[in-house]
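These notes concern the structure reproduced below.
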Amino acid sequence: MLEKTYRPAEVEEKHYRLWEESGAFAADTRSNATPYTIMMPPPNVTGSLHMGHALTFTVQDVLVRYNRMRRRDALWQPGTDHAGIATQMVVERNLAKEGKTRHDFGRDAFIGKVWEWKAESGGTITRQLRRLGASPDWAKERFTMDDGLSRAVAKVFVELHRQGLIYKDKRLVNWDPKLHTAISDLEVEQKEIKGNLWHFRYPIDGEEGRFIVVATTRPETMLGDTGVAVHPEDERYKDLIGKHVRLPLVGRLIPIVGDEYADPATGSGAVKITPAHDFNDFEVGKRCNLEAINILDRDARLNDNVPEAYQGLDRYEARKKIIAELEALELLEKIEPHTHMVPHGDRSGVAIEPWLTDQWYVDAATLAKPAIEAVETGKTVFVPKQWENTYYEWMRNIQPWCISRQIWWGHQIPAWYGPDGTFFVEETEAAARAAAAKHYGSDVELTRDPDVLDTWFSSALWPFSTLGWPDETPELARYYPTDVLVTGFDIIFFWVARMMMMGLHFMKDVPFRTVYIHALVRDEKGQKMSKSKGNVIDPLEIIGEYGTDALRFTLSAMAAQGRDIKLAVNRVEGYRNFATKLWNAARYCQMNGCEPVAGYRPVGLTQTVNRWIVGELADAARKVAEAIDAYKFNEAANAAYQFTWGNFCDWYMEFTKPILAGSDEAAKAETRATTAWVLDQILHVLHPMMPYITEELWEQLSPARANRLISAEWPVYGAELVDAAARDEMNWVVRLITSVRSMRSEMNVPPAAQIELKLKDANAGSLARLDTHRDLILRMARLSSVEPLVGPTPKSAVQAVQDEATLVLPLEGIVDLDKERARLTKEIDKLSGEIKKIDAKLSNEQFVAKAPDEVIEEQRDRRDTAAQARDKLQKALEMLGA
RNA sequence: GGGCGAUUAGCUCAGCGGUAGAGCGUCUCGUUUACACCGAGAAUGUCGGGGGUUCGAUCCCCUCAUCGCCCA
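The working numbering puts the first residue of the first sequence at 16, with every later residue one more than the last.
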């Protein structure tokens with residue numbers, strides 16, 4: 016016998032272990048079934064499960080479990096990402112606790128430390144994924160730094176280099192002065208900073224007493240100024256173009272140039288140009304042949320290219336000093352408060368510096384072209400479709416991708432330098448040595464490029480590198496391209512776009528047919544969850560309190576397309592209650608001997624109630640399947656919830672109690688079998704969203720079954736299961752019972768009182784329904800009898816209309832006449848309002864002329880029904896007297 | 001500045017051309033042996049404002065307001 020309530024903690028671990036051990040998650044490369052493939056976005060190896068993970072992996076697991084049950088050969092490819100900077104930071108932080116830095120160890124030893132850390136702590140996220148019930152093919156788990164994946168990375172790098180799509184260049188990069196590495200544009204976050212706009216006077220050379228005013232938010236960069244730009248058409252400065260300015264504090268003569276970058280409308284209209292430390296200035300410098308003087312070192316301290324007094328100063332100390340000194344020289348015109356956007360490193364949190372360095376770049380614009388076309392032609396489709404615009408916007412304006420990082424943890428760039436700086440890009444050191452020997456005519460000492468690749472470089476290869484590429488494995492042939500990629504919009508640029516580029520380039524086909532972009536999970540007020548705000552809801556805590564299934568079902572139910580999820584814990588509680596409800600329904604089945612009957616077929620049933628529930632179930636299961644197919648997880652969850660609670664528990668189980676308690680053995684047997692069968696189907700339909708409780712019930716309700724639910728087949732029913740007549744009949748019963756309950760409640764009839772119901776003017780059909788279902792009507796409406804009304808309507812009665820009939824509750828002595836009059840009046844008013852509205856429509860010639868016939872017909876029907884009901888209630892009201 | 005999205009019951013959200021829905025919350029009643037993590041019933045909405053298209057608009061179009069996000 017089942018316990019009284021479901022205790023998730025007691026069964027989740029067991030089922031997970033059994034699933035995994037039995038190979039239920041494994042794809043079958045040799046299967047004849049059509050593959051269904053999802054590449055798991057590899058979480059960072061440093062990660063721990065947050066609500067965003069919980070959503071994305073729940074959605075993926077729902078898809079995978081569902082398609083597995085649909086008998087697709089499902090491959091959910093798992094793995095983790097080495098997360099270069101993030102992981103290196105974690106390990107360095109640990110070393111810092113012992114007062115050490117990575118430099119105390121040296122590169123190789125430090126990398127050894129990182130691997131050690133990974134072996135000890137890198138499994139957290141995958142353990143937590145297991146708690147969430149995720150069912151990827153763990154045997155195929157990969158890590159972006161695996162040998163195989165590293166080989167793929169090297170091959171891609173070398174090939175792209177040979178094709179001219181990877182190149183080395185000296186340009187301004189986003190330099191992170193804390194982490195000492197370049198980062199890509201995407202890793203830069205613009206933060207609004209309240210600062211100042213300092214206006215400086217630069218003396219014009221050769222014109223004593225004349226100044227040009229320039230404004231800057233970054234005074235320290237003035238030491239690297241190599242020009243002042245004005246708009247070529249700006250009348251104020253036209254005469255100055257070609258002249259020079261004597262740069263204060265430095266003494267350098269720098270030219271005044273005409274360039275349209277200077278906006279006459281902002282500030283003074285003149286701008287100082289620091290080509291080595293500003294992206295816009297860099298372009299101006301190129302156009303106007305200005306020198307680029309690098310004045311910063313890797314810590315963003317001033318270097319030897321500035322006057323001695325400033326050398327070694329931090330950028331912010333230098334700023335203070337410069338302002339003070341210019342003020343002393345009376346060259347500070349004014350200071351305006353100014354709020355502006357300052358780029359910050361997303362990992363380090365410090366302001367990044369544009370810095371001139373040698374870096375490796377990917378020619379993203381070239382690779383983007385086929386990737387754009389693939390979406391334009393529908394080879395890859397975004398769901399919801401609007402995200403395609405975001406993708407296009409980014410891809411059509413894509414900039415060269417800086418892929419080198421000055422850190423140690425990651426894929427080291429496969430380039431080796433000879434003594435004269437010539438480099439050899441090869442997959443292995445041996446190949447590089449051979450190439451160098453050929454080039455120099457003898458063996459020479461080679462040094463490998465110390466940089467590593469951007470983490471996203473290896474992630475971009477994930478859809479094929481995990482399947483064995485560059486080897487032509489059976490997996491690669493079978494599972495690429497994948498079916499759907501599930502992810503959040505925040506990494507469309509980081510990852511989706513890059514997989515598209517790499518996939519198309521190396522596999523000549525898109526990496527996935529569909530990209531499902533889900534929402535971001537926020538707190539219940541719509542704030543992004545963050546540790547600093549203290550509004551984080553920890554999925555593991557939720558799981559601990561309400562169970563995994565409750566969390567998964569909540570996330571499914573809230574995953575409506577195109578909207579963020581504001582997660583409120585009471586929603587989870589509500590769906591935990593749903594799990595308990597299901598549990599108790601199963602318990603009821605068990606107590607009533609409703610056990611699965613081998614060979615049961617839901618056709619040819621004798622009991623209307625059974626034909627009805629079977630049809631409702633078929634409808635609900637179809638809705639769930641269609642919703643999952645359309646990535647409408649909220650609709651899938653709601654359809655399953657509504658059927659289980661609203662149809663099966665609230666009505667069917669109550670309807671059948673008289674049969675199960677009765678003496679018609681054949682009806683009893685049929686009903687038991689049907690009840691068991693429907694519950695069984697519910698378990699199937701809920702399983703993708705609530706895997707644990709359904710598996711547990713599946714096992715407990717019929718321990719003899721050979722297979723587990725995870726491996727069962729998704730139910731698909733023929734149209735013959737839906738019986739419209741049965742549905743109409745049961746709906747009639749439902750309406751009758753609801754009506755009586757409502758009258759009782761409104762008239763304050765004590766629940767325990769068994770009263771009589773009379774049916775007035777009921778036709779033969781209704782009377783037949785009444786006879787069929789008398790037992791359950793008596794029970795559910797708490798009546799002593801239900802009979803056709805003979806003779807006149809009793810004086811003190813409460814009445815309601817149902818189709819052609821009137822329901823009459825004779826409540827002599829009990830009924831409060833005023834209350835009943837008020838109730839009837841309210842009903843009548845409601846109906847009158849409706850009739851009036853419909854009449855207005857029907858008397859509108861345009862409506863009658865232009866609306867479709869069936870709409871007009873429907874309006875007429877509704878009007879007639881309402882009018883009939885109103886007349887009957889009117890009579891009832893008159894009978895009560897004024 | 002450019003783009004996207006949102007605004008529906010007290011709260012969180014579905015719906016998106018023809019009877020406004022759910023969950024939670026609220027109120028009333030209820031120990032009917034599956035379930036009080038429950039059951040029955042009830043109340044609650046000029047579907048952000050203003051225009052337009054249409055026989056008909058919560059739904060389509062325009063505009064304004066407010067809020068949020070992305071990109072400069």
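Glycine residues also receive a C-beta, built at the ideal position from the N, C-alpha and C atoms.
Throw me the rounded Cβ distance for the T44 and P489 pair, which I believe falls under 8 Å. 5 Å
Quick check on the DSSP output: the alpha helix (DSSP H) that includes T52 runs from which residue to which? That residue, T52, is in no alpha helix (DSSP H); its beta strand (DSSP E) goes 50-54.
For the candidate residues M66, L468, G677, whose alpha-carbon lies nearest to that of R789? G677
I'd like the span of the beta strand (DSSP E) that includes Q817, first residue to last. 812-817
Are three or more beta carbon pairs between the region 323-333 and the region 287-298 nearer than 8 Å? no
State the Cα-Cα distance for the pair D76 and E711, rounded to the nearest angstrom. 18 Å
How about the region 146-166 and the region 108-128: do they share at least three Cβ pairs that are nearer than 8 Å? no
So which of P429, V377, T437 has the shortest CA-CA distance to H454? T437
Return the CA-CA distance between L78 and A169, expressed in angstroms with no decimal places. 33 Å
Taking 8 Å as the cut-off, decide whether the C-beta atoms of L895 and R836 are in contact. yes
Under 8 Å, do P93 and R493 count as touching if we go by C-beta distance? no
Over what stretch of residues does the beta strand (DSSP E) that includes W431 continue unbroken? 430-432
Endpoints, the beta strand (DSSP E) within which W91 is located: 88-92
Give me the Cβ distance between I198 and G360, rounded to the nearest whole Å; I'm assuming they're in contact under 8 Å. 6 Å
Give me the residue from Q622, A565, V639, M160 with the minimum Cα distance to A684. Q622
Looking at C-alpha atoms only, which residue of L17, P56, A69 is the closest neighbour of M573? A69
How many whole angstroms separate the CB atoms of V816 and A884, which I take to be in contact at a CB cut-off of 8 Å? 4 Å
Would you tell me roughly how many angstroms separate the C-alpha atoms of L371 and G239, rounded to the nearest one? 13 Å
DSSP three-state call for Y331: helix, strand or coil? helix
Endpoints, beta strand (DSSP E) assigned at L110: Careful: L110 lies outside any beta strand (DSSP E), inside the alpha helix (DSSP H) at 99-112.
Once you ignore the five residues that flank E340 on each side, which residues in its own chain have a CB closer than 7 Å to its CB? L264
DSSP state of E771 mapped onto helix, strand, coil: strand
Would you list the residues sitting across from E351 in a DSSP beta bridge? L212
Are three or more beta carbon pairs between the region 469-479 and the region 166-181 nearer than 8 Å? yes
Check A721 in the structure and name its three-state DSSP category. coil
List the whole-angstrom C-beta distance separating P192 from E368, where the pair is believed to meet the contact cut-off of C-beta under 8 Å. 6 Å
Rounded straight-line distance, which links the Cα of V748 to that of W91: 47 Å
Would you kindly check if the distance between the Cβ of V129 and the Cβ of T102 is under 8 Å? yes
Own chain, CB closer than 8 Å to S63, minus 5 neighbours either side, in chain order: T139, I140, Q143
Pick from E650, I269, W375, R251 that is closest to K258, judged by C-alpha positions: I269
DSSP three-state assignment for I580, whether helix, strand or coil: strand
Under DSSP, the alpha helix (DSSP H) around P489 begins and ends at which residues? 489-494
Helix, strand or coil for T44, going by three-state DSSP, please let me know. coil
In the DSSP assignment, find the beta strand (DSSP E) that holds Y732 and state where it starts and stops. Careful: Y732 lies outside any beta strand (DSSP E) and carries neither H nor E.
Using the Cα positions of G456 and A450, report the straight-line distance between them to the nearest angstrom. 10 Å
Taking V467 and I181 to be in contact with their CB atoms under 8 Å, please state how far apart those CB atoms are, rounded to whole angstroms. Actually they are not in contact, since the Cβ atoms of V467 and I181 sit about 14 Å apart, beyond 8 Å.
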